[in-house]
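For the sequence shown, this note's numbering assigns the number 266 to the initial residue and increments by one for each residue that follows.
Glycine residues also receive a C-beta, built at the ideal position from the N, C-alpha and C atoms.
Just below is one structure, and these are the notes that go with it.
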Amino acid sequence: MMIGSILSSTDAAAVIMATRQTPIRRNLATTLDVESAANDPMAILLTTTFIAAIKGQDGSGWLPLTLGLIWSFVAGVGIGWVTCKIGRFLFDRLESENRGHYFVLGITVPLLAYGGAEAINANGIIAVFFGGYWFGNTDFTFKRGVGHFLDGVASFSNVALFLMLGVLANPSGFSGIWPQAVLISVLMILVARPVAVLLSTAFFKFDWRERSFLIWGGIKGAVPIVLATYPAANGLDPDGHVFSIVFFAVLMTCLLQGTTMGPMAKLLKLTVPLKKKAPYTVELYATKRCDTDLFEVHIDEGAVSIGKLIKDLQLPSNVLISSIVREDKIMAPRGDTMIELGDVLFLLSPVKSIEEVTAQLTSPDDDEDPVPA
Numbered sequence: 266m267m268i269g270s271i272l273s274s275t276d277a278a279a280v281i282m283a284t285r286q287t288p289i290r291r292n293l294a295t296t297l298d299v300e301s302a303a304n305d306p307m308a309i310l311l312t313t314t315f316i317a318a319i320k321g322q323d324g325s326g327w328l329p330l331t332l333g334l335i336w337s338f339v340a341g342v343g344i345g346w347v348t349c350k351i352g353r354f355l356f357d358r359l360e361s362e363n364r365g366h367y368f369v370l371g372i373t374v375p376l377l378a379y380g381g382a383e384a385i386n387a388n389g390i391i392a393v394f395f396g397g398y399w400f401g402n403t404d405f406t407f408k409r410g411v412g413h414f415l416d417g418v419a420s421f422s423n424v425a426l427f428l429m430l431g432v433l434a435n436p437s438g439f440s441g442i443w444p445q446a447v448l449i450s451v452l453m454i455l456v457a458r459p460v461a462v463l464l465s466t467a468f469f470k471f472d473w474r475e476r477s478f479l480i481w482g483g484i485k486g487a488v489p490i491v492l493a494t495y496p497a498a499n500g501l502d503p504d505g506h507v508f509s510i511v512f513f514a515v516l517m518t519c520l521l522q523g524t525t526m527g528p529m530a531k532l533l534k535l536t537v538p539l540k541k542k543a544p545y546t547v548e549l550y551a552t553k554r555c556d557t558d559l560f561e562v563h564i565d566e567g568a569v570s571i572g573k574l575i576k577d578l579q580l581p582s583n584v585l586i587s588s589i590v591r592e593d594k595i596m597a598p599r600g601d602t603m604i605e606l607g608d609v610l611f612l613l614s615p616v617k618s619i620e621e622v623t624a625q626l627t628s629p630d631d632d633e634d635p636v637p638a
């Protein structure tokens, strides 16, 4: 059960990278992204609970252990919500001309969530996850700048994490555990994952192809390997067998599933056209709350705006096309600039009007000649 808990987490970074390299239907990509991010805290919680049970730290029975598990989760969620509110308050009141202060606060808020949860014997990872979820879906000052900074911190942390895990790995130890690791990997890929997906999607409108892809998308990664160090840290894996089994199993899923997710999506006909990314980006960094934002619109084939002059688009008076990327070059538009297929428009618009303006520019042209039956 402990090894099952350790291997229950899928790797968010690997799944997101795979879905970006081979774009798939939005509902599938969202499901995989949310699942891979949300199961990390529960895997950590279950692993620590089983370790405590094995060590006999809760010797009074399973009831205190279960109550402790519930408390760790519920209190962690509560601390995450409180931290989200505190973080938003602090960001909106900071009003600093030094952007570095916002970056420091961006690191302080998750540390506050983790420390606050651990102080009351709740799960700090749960608190950070839910606090980050709510915080990322709320509006606060300098949100975009803080988001880019934390992306960099996350990338550096991933590199450092895999470096340390590589140092801990002992390939010579795989010779004695590979049969168990292969068996666990096969059961995980062909039994546990399919059962979990079929049960959890029973009440959702997924067809057999989408469910098949969700089953194949259970790539393991860094979190199970990190969790595999917990038993050794608690004196339950002196020979390192648990760590070696988990490391080997993760390696198998990465090689088998990670390298075939793209071809699998194409085989099941679940891919969508890959949009070419513009070599430029124009973003609005505001150090005060603002209801206006810069966003980009891709002009694809069939868009009603193709062939029209900007002055004839009848955009709202508070919406401005600030720049256009065309043929990998950025240009300043004028009223007599014509919109062409493949253009990427950067628009300054009130946040509440973004969807409406996007639809106005990209909706299908109803005046096109009908296709003969």
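Three-state class that DSSP yields for Ile271 in the structure shown:
Residue mapping note: residue 271 aligns to position 6 of the sequence shown, counting from 1. Under the three-state reduction of DSSP, Ile271 is assigned to helix.
Below 8 angstroms on the Cβ atoms is my guess for Ser450 versus Met517; work out the distance and round it to an integer in Å.
Taking the first residue of the sequence shown as 1, we reach residue 450 at position 185. Taking the first residue of the sequence shown as 1, we reach residue 517 at position 252. About 4 angstroms; that satisfies the 8 angstroms criterion.
Would Ala425 and Ile510 qualify as a contact pair, given that the criterion is a beta-carbon distance under 8 angstroms?
Along the sequence shown, read from residue 1 onward, the residue named residue 425 stands at position 160. Along the sequence shown, read from residue 1 onward, the residue named residue 510 stands at position 245. With contacts defined as CB atoms closer than 8 angstroms, Ala425 and Ile510 fail to qualify as a contacting pair.
Is the beta carbon of Ile698 sitting closer than 8 angstroms to the one on Ala302?
Residue 698 falls outside the range modelled here, since the chain spans only 266 to 638, and no answer is possible.
Could you please give the first and the last residue of the uninterrupted alpha helix (DSSP H) stretch that includes Lys594?
Mapped onto the sequence shown, residue 594 falls at position 329. Where Lys594 is concerned, there is no enclosing alpha helix (DSSP H), although the beta strand (DSSP E) around it starts and stops at Lys594 to Met596.
Secondary structure, alpha helix (DSSP H): runs of 4+ residues fully inside the stretch 493-525
Counting only unbroken stretches of 4 or more residues, the alpha helix (DSSP H) elements lying wholly within the stretch 493-525 are 494-498 and 506-518, in sequence order.
Identified DSSP bridge partners for Arg591
On the sequence shown, residue 591 is found 326 positions in, with the first residue counted as 1. In DSSP, Arg591 forms a bridge with Lys594.
Let me know the secondary structure DSSP gives Pro637 once reduced to three states.
Taking the first residue of the sequence shown as position 1, residue 637 is located at position 372. Only weak support is given to the placement of Pro637: the predicted model assigns it a pLDDT of 44, under 50, and the value that follows is read from those uncertain coordinates. The answer is coil: DSSP assigns Pro637 none of H, G, I, E or B.
Thr296 burial status per 10 Å Cβ neighbour count (16 or more: buried):
Residue 296 sits at position 31 when you count from the first residue of the sequence shown. The residue in question, Thr296, is buried, as its Cβ has 16 or more Cβ neighbours within 10 Å.
Please state whether DSSP places Pro629 in a helix, a strand or coil.
Locating residue 629 in the sequence shown gives position 364, where the first residue counts as 1. Here Pro629 sits in strand by DSSP.
Beta-carbon spacing of Ala487, Leu430 below 8 angstroms:
As a working note, residue 487 is residue 222 in the sequence shown. As a working note, residue 430 is residue 165 in the sequence shown. For the 8 angstroms CB-CB criterion, Ala487 and Leu430 form a contact.
Since Asp357 and Thr406 are thought to touch, with beta carbons under 8 angstroms apart, how far apart are those beta carbons, to the nearest angstrom?
Reading the sequence shown from its first residue, position 92 is the one you call residue 357. Reading the sequence shown from its first residue, position 141 is the one you call residue 406. Between Thr406 and Asp357 the Cβ distance is about 5 angstroms, and since that is below 8 angstroms, they are a contact.
Please state whether DSSP places Asp558 in a helix, a strand or coil.
Taking the first residue of the sequence shown as position 1, residue 558 is located at position 293. It is a strand residue.
Contacts around Phe338, its chain only, beta-carbon distance under 7 angstroms, and the 5 residues preceding and following it disregarded:
Taking the first residue of the sequence shown as 1, we reach residue 338 at position 73. Closer than 7 angstroms at the Cβ level, and outside the excluded window around Phe338, lie Leu310, Asn388 and Ile391.
Between the stretch 350-366 and the stretch 313-322, do three or more beta carbon pairs fall short of 8 angstroms?
Short answer: they don't touch.
Within a Cβ cutoff of 6 angstroms, which residues of the same chain sit near Ala638, ignoring the five residues on either side of it in sequence?
Reading the sequence shown from its first residue, position 373 is the one you call residue 638. Unreliable placement is indicated for Ala638, whose pLDDT of 39 sits below 50; the coordinate value is still reported in the next sentence. Contacts found: none.
Val460 to Thr557, Cα distance in whole Å?
Along the sequence shown, read from residue 1 onward, the residue named residue 460 stands at position 195. Along the sequence shown, read from residue 1 onward, the residue named residue 557 stands at position 292. Distance between the alpha carbons of Val460 and Thr557 is about 46 angstroms.
Could you pull the start and end residues of the beta strand (DSSP E) that Ser614 belongs to?
By one-based count along the sequence shown, residue 614 stands at place 349. Per DSSP, Ser614 belongs to the beta strand (DSSP E) from Val609 to Pro615.
Cα separation between Ile454 and Ile480?
Indexing the sequence shown from 1 puts residue 454 at position 189. Indexing the sequence shown from 1 puts residue 480 at position 215. Taken atom to atom, the span from the alpha-carbon of Ile454 to that of Ile480 is near 8 angstroms.
How about Asp601 and Leu580: do their beta carbons lie closer than 8 angstroms?
Position 336 of the sequence shown holds residue 601. Position 315 of the sequence shown holds residue 580. No, the pair does not count as a contact, with Cβ atoms beyond the cut-off.
Between the beta-carbon of Met267 and the beta-carbon of Ile335, is there less than 8 angstroms?
Your numbering for residue 267 matches position 2 in the sequence shown. Your numbering for residue 335 matches position 70 in the sequence shown. Taking 8 angstroms as the Cβ cut-off, Met267 and Ile335 do not qualify as a contacting pair.
Does the Cβ-Cβ distance between Phe468 and Phe414 come in under 8 angstroms?
To locate residue 468, count along the sequence shown from 1; it is residue 203. To locate residue 414, count along the sequence shown from 1; it is residue 149. Going by C-beta atoms, Phe468 is not nearer than 8 angstroms to Phe414.
Using only CA atoms, which one of Gly341, Gly371 and Thr313 lies nearest to Asp416?
As a first step, residue 416 is located in the sequence shown; it is residue number 151 there, counting from the start. Here the closest residue by C-alpha is Gly371.
Check whether the stretch 540-551 touches the stretch 482-501, counting contact only when three or more Cβ pairs, one atom from each stretch, lie closer than 8 angstroms.
Flag = no, the stretch 540-551 and the stretch 482-501 do not touch.
Sheet register partners of Ala568 (DSSP bridge)
Numbered from its first residue, the sequence shown carries residue 568 at position 303. Bridge partners of Ala568: Pro629.
Hey, how far is the Cα of Asp502 from the Cα of Phe508?
The sequence position of residue 502 within the sequence shown is 237, counting from 1. The sequence position of residue 508 within the sequence shown is 243, counting from 1. Approximately 8 angstroms between the Cα atoms of the pair.
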